[in-house]
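Counting from 6, one number per residue, gives the positions in the sequence shown under our numbering. Positions of the beta carbon are idealized from the N, C-alpha and C atoms, including for glycine. Notes for the one structure printed next.
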Amino acid sequence: MHIDADYPSQNKFVMIKEHTVHLMTSEIHAANIPERRECQPTPVIEDRALDLDEAERTIATSGGIPFPVPNPTFLPDRLIKSLTPVFLIRHPGRVFPSFLRASTLIGATVAGGNASLYLSFKWQRIMFDFYKAWYSCPRGAESARPGRENLPIVIDGDKLIDDPQGQIRKMCQLLGLDPAPVQFSWEKKEKFESPAHEVFLSTIGKSTGVIKNKDSKPLNLEEEAAQWAKEWDKKTAQELKIRTEEAMEDYNYLLKESI
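Here it is as structure tokens:
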């Protein structure tokens, strides 16, 4: 990825999309997963502050301004402060079976070693609370761009699917961005970089626009579990149901903050 230093003067901004679970330190993972599992070492990213002059560099590398809540990620503090957080969530009863359908094709199971990592909304909530605390303190408020009272932003996936233009327009308004360049249709993709890319990206890649929900009714977990049992088996359906129920508190916590 190439980032042009002149982007801000062109009224352009870099958007980076990542799953919050992939940003957490191994210590955060271990503290929030009940099962014992093999932890991978946390990657080390060192901020040498080479973009600053010597005096500023000394301040930056000596610790800088402390956070009211410790940084839960392996990203350097200066980088995490510079990001504008936007969280995209969706009902776990839709997210979890979708993840299982895709990941089953590459050998994963609902009870596998990584299930507690991916079938959870803990990481989004931890990250949300971290940023909420930062923007609520005087130093964090000073560091943010205008409109920081709107941060962190949460977008609910079902609202986004039902009203993509309205949700994007609202987000852009809160961030002071022009929504005009946003595309709501695109060319269908014929080839994917790898089998894993095709597994997880084929739905959007083979589409030409936002695919509306087939059923706009509120999700009924008992009915969904019955369908999961037909699609997989009763044991898998029960495990998915339990995982969904466990994630609902964190999901609802974030949902009430959605735009």
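> Helix, strand or coil for VAL238 per DSSP?
Replying inline: With the sequence shown as reference, residue 238 is identified as Asp, and Val is not the correct amino acid for it. In this structure, ASP238 counts as coil in the three-state DSSP scheme.
> When the Cα atoms are used, what is the spatial distance from VAL19 to SER148?
Replying inline: 18 Å
> Considering only the beta carbon of each residue, do PHE133 and GLU23 sit closer than 9 Å?
Replying inline: no
> Just curious, the beta strand (DSSP E) that PHE92 is in, first and last residue?
Replying inline: 91-94
>> To test your reading of the DSSP string, which unbroken alpha helix (DSSP H) runs of 4 or more residues are found completely within the region 46-134?
In response: 59-66, 82-87, 97-109 and 120-123
>> Please list the terminal residues of the continuous beta strand (DSSP E) segment that includes ASP161.
In response: 158-161
> Quick one: is LYS127 buried, meaning 16 or more other Cβ sit within 10 Å of its Cβ, or exposed?
Replying inline: buried
>> One question on the structure: do ALA36 and SER125 come within less than 9 Å of each other, judged by their Cβ atoms?
In response: no
>> Using only the alpha-carbon positions, how far apart do GLU250 and GLN172 sit?
In response: For GLU250 and GLN172, the distance between alpha carbons rounds to 27 Å.
>> Any contact between the region 184-194 and the region 238-249? By contact I mean 3 or more CB pairs, one from each, below 8 Å.
In response: no
>> Along the chain, where does the alpha helix (DSSP H) containing ARG144 start, and where does it finish?
In response: 143-148
> Would you say the region 81-94 touches the region 51-66, given that touching needs at least three Cβ pairs under 8 Å?
Replying inline: yes
> In terms of residue numbering, what span does the alpha helix (DSSP H) encompassing ARG174 cover?
Replying inline: 169-180
> In angstroms, rounded to a whole number, what distance separates the CA positions of ILE33 and TYR123?
Replying inline: Distance between the alpha carbons of ILE33 and TYR123: 14 Å.
> Tell me which same chain residues have a C-beta within less than 6 Å of the C-beta of ALA138, skipping the five on either side of it?
Replying inline: PRO73 and VAL74
> How far does the alpha helix (DSSP H) with THR208 in it reach, from first residue to last?
Replying inline: Its alpha helix (DSSP H) spans residues 200-210.
> Taking Cβ to Cβ, would you say PRO97 is nearer than 9 Å to TYR256?
Replying inline: yes
> According to DSSP, is PHE253 helix, strand or coil?
Replying inline: It is Met, not Phe, that sits at residue 253 in the sequence shown. In the structure shown, MET253 sits in a helix (DSSP, three-state: H, G or I).
> PHE92 and GLN45: beta carbons closer than 9 Å?
Replying inline: No, the pair does not count as a contact, with Cβ atoms beyond the cut-off.
> Who does SER14 pair with in a DSSP beta bridge?
Replying inline: SER14 is not bridged by DSSP to any residue.
>> Contact defined as beta carbons within less than 8 Å: I believe PRO157 pairs with PRO90. What is the distance between those atoms, to the nearest angstrom?
In response: 4 Å
> Going by beta carbon distance, what residues of the same chain come within less than 7 Å of ASN155, once the five residues before and after it are set aside?
Replying inline: LEU179
> Which same chain residues, not among the five before or five after SER121, have their C-beta less than 8 Å away from its C-beta?
Replying inline: ILE38, PRO39, GLU40 and ARG42
> Exposed or buried, what is ALA230 when buried is set at 16 or more other beta-carbons lying within 10 Å of its beta-carbon?
Replying inline: buried
> What's the gap between the Cα of LEU206 and the Cα of GLN243?
Replying inline: Taking the straight line from one Cα to the other gives about 27 Å.
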